[in-house]
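What follows is one structure encoded as structure tokens, with my remarks underneath.
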């Protein structure tokens, strides 16, 4: 069963997560020299969202996963586990729970941002 009622609920949640990340000074310092985008494709609700990181700023937008630096395809259940810290990106990839498009090295670098994404996401979902 899908974690989100529909794609609109998913997008609203990620918009709130991005707003939380914009307030996290440690995260903004961490991405000061970074330039990449992460496209999320949530298969069971046909949702797409792109998180763009560009030299100290973070933005989010609907769509764009196919042109993102890396794209992650998974179900909403797997996405929820990743963004709540219950599943590591590496474990998800190794077990086939997620599919990646793009450079694995870049994906590994992006996985380090999950440390910051998790609390921002939990707050956005009302889980913190």
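In the numbering used here, the protein residues as written are 8 to 135.
By construction, the Cβ of each residue, glycine as well, lies at the ideal position given by its N, Cα and C atoms.
If you're wondering where the values come from, they're calculated on a predicted model, not measured in any experiment.
Let me confirm a value: residue i is counted as buried when at least 16 other C-beta atoms fall within 10 Å, else exposed. Which label applies?
i	result
residue 53	exposed
residue 8	exposed
residue 83	buried
residue 67	buried
residue 103	exposed
residue 117	buried
residue 87	buried
residue 133	exposed
residue 64	exposed
Going by the DSSP bridge assignment, what does residue i pair with across the sheet?
i	result
residue 61	42, 64
residue 80	48, 106
residue 69	56
Beta-carbon separation of residue i and residue j under 8 Å?
i	j	result
residue 48	residue 55	yes
residue 45	residue 80	no
residue 120	residue 31	no
residue 77	residue 127	no
residue 94	residue 100	no
Ordered along the chain, which non-local residues of its own chain (more than five positions away) have a Cβ less than 6 Å from that of residue i?
i	result
residue 60	38, 41, 43
residue 23	131
Whose C-beta lies closer than 8 Å to the C-beta of residue i among residues of the same chain, with five residues either side of it excluded?
i	result
residue 70	55, 56, 57
residue 85	94, 99, 104, 105
Which same chain residues end up closer than 7 Å to residue i when comparing Cβ atoms and leaving out the 5 residues on each side of it in sequence?
i	result
residue 90	124, 125, 128
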